[in-house]
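These protein sequence lines map, in sequence, to chains A and B.
The first sequence maps to residues 12 to 127 in my numbering.
The second sequence maps to residues 2 to 104 in my numbering.
Don't be surprised by glycine CBs; every beta carbon is placed ideally from N, CA and C.
Below: one structure, written as structure tokens.
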Amino acid sequence: MDNDSTEAGRSYHDMGGLPAGRVVPEEHDYAAWERRVDAMMMLLTGTSGGKRRMSVDELRKNIESIAPETYDRMDYYERWVTSLTQTMLQRGHITTDELTRKMAEVASRKQDAGNA
Amino acid sequence: MPETLERSEVAARFAPGDRVRVLKAAPLGHVRTPWYIRGHEGVVERLCGAFPNPEELAYARTGEPRQPLYRVRFLQNQIWPEYAGREDDVIEIEIFQHWLEPL
Numbered sequence: 012m013d014n015d016s017t018e019a020g021r022s023y024h025d026m027g028g029l030p031a032g033r034v035v036p037e038e039h040d041y042a043a044w045e046r047r048v049d050a051m052m053m054l055l056t057g058t059s060g061g062k063r064r065m066s067v068d069e070l071r072k073n074i075e076s077i078a079p080e081t082y083d084r085m086d087y088y089e090r091w092v093t094s095l096t097q098t099m100l101q102r103g104h105i106t107t108d109e110l111t112r113k114m115a116e117v118a119s120r121k122q123d124a125g126n127a
Numbered sequence: 002m003p004e005t006l007e008r009s010e011v012a013a014r015f016a017p018g019d020r021v022r023v024l025k026a027a028p029l030g031h032v033r034t035p036w037y038i039r040g041h042e043g044v045v046e047r048l049c050g051a052f053p054n055p056e057e058l059a060y061a062r063t064g065e066p067r068q069p070l071y072r073v074r075f076l077q078n079q080i081w082p083e084y085a086g087r088e089d090d091v092i093e094i095e096i097f098q099h100w101l102e103p104l
């Protein structure tokens, strides 16, 4: 494909057919936070009723926008929670400032718990 | 997303058995057509129905009008130059109509 500046190249996530190692299937139990992220996605897409605040396509788009080195480092639900957050910012449901404050609050709560 | 959605769909251009080529394009945006299949020729296996366009849904739009989605059959050895399996092995991929051109 021509490397025209008006065209996008292969996206990082679109790796079908590229050399890779063996796929080793493994079962694992889900952590509580992973179940919460899954539940949040069901709620935000209105899958289990209620208002639809985003689409699964927005989830995919924002997962696929994660920088390659971060994408590789993150596991499945880390990508999901990153993408859900990005989508809520894009939709105007939360602001970066609110997110920063909340994250700081959570971090200090965790520190307090550690000191107790 | 609006609460009431005006439902409409694009008419189907292809029927099972039609030969098609996947567009060899690389536009910006949220594209679902895998990179490795772009530019390849295949045969329509079935019409799956018409669905809201994910290229639109990804940007918080309605995805209307719905785009016909086809299951297209390709020969493995035409996709992968080093393919060592049987000559008649196929791969089937679901592709939206606006990514297909007639042959």
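- Distance from Asp-25 of chain A to Ala-59 of chain B at the Cβ level is roughly 14 Å; contact not present, criterion being Cβ atoms closer than 8 Å.
- C-alpha of Arg-63 of chain A to C-alpha of Tyr-84 of chain B: approximately 44 Å in a straight line.
- The stretch 34 to 44 of chain B makes contact with the stretch 62 to 79 of chain B; the number of CB pairs closer than 8 Å reaches 3 or more.
- For Pro-69 of chain B, the uninterrupted beta strand (DSSP E) run begins and ends at 68 to 76, by DSSP.
- Contact between the stretch 67 to 77 of chain B and the stretch 43 to 57 of chain B is present: three or more C-beta pairs spanning the two stretches fall below 8 Å.
- For Ser-59 of chain A, the CB contacts under 6 Å within the same chain, skipping 5 residues up- and downstream, are Met-53 in chain order.
- Close partners of Ala-19 of chain A in chain B (Cβ separation under 9 Å): Ala-27, Pro-28, Leu-29, Gly-30 and Val-32.
- Taking a Cβ-Cβ cut-off of 8 Å, the neighbours of Trp-81 of chain B in chain A comprise Gly-28, given in sequence order.
- One alpha carbon belongs to Arg-46 of chain A, the other to Ile-77 of chain A, and they sit about 22 Å apart.
- Exposure of Asn-126 of chain A is indicated by the presence of fewer than 16 other C-beta atoms within 10 angstroms of its C-beta.
- Arg-47 of chain B places its beta carbon less than 7 Å from that of Pro-17 of chain B.
- For Val-23 of chain B, the enclosing beta strand (DSSP E) begins and ends at 20 to 23.
- DSSP lists no beta-bridge partner residue for Phe-15 of chain B.
- Beta-carbon to beta-carbon, Val-23 of chain B and Thr-34 of chain B are separated by about 6 Å, close enough to satisfy the 8 Å threshold.
- Taken through DSSP and simplified to helix, strand or coil, Val-67 of chain A comes out as helix.
- DSSP places Ala-51 of chain B within a strand segment (E or B) once states are collapsed to three.
- For the stretch 31 to 59 of chain B, residues whose beta-carbon sits nearer than 7 Å to a beta-carbon of chain A comprise His-31, Pro-35, Trp-36, Tyr-37, Pro-55, Leu-58 and Ala-59.
- With respect to Arg-84 of chain A, Ile-74 of chain A sits apart: the two C-beta atoms are not nearer than 7 Å.
- Excluding residues up to 5 positions away in sequence, Gln-68 and Leu-70 lie with their Cβ nearer than 6 Å to the Cβ of Phe-97 of chain B in the same chain.
- Annotation: Leu-55 of chain A to Gly-103 of chain A spans about 14 Å, alpha carbon to alpha carbon.
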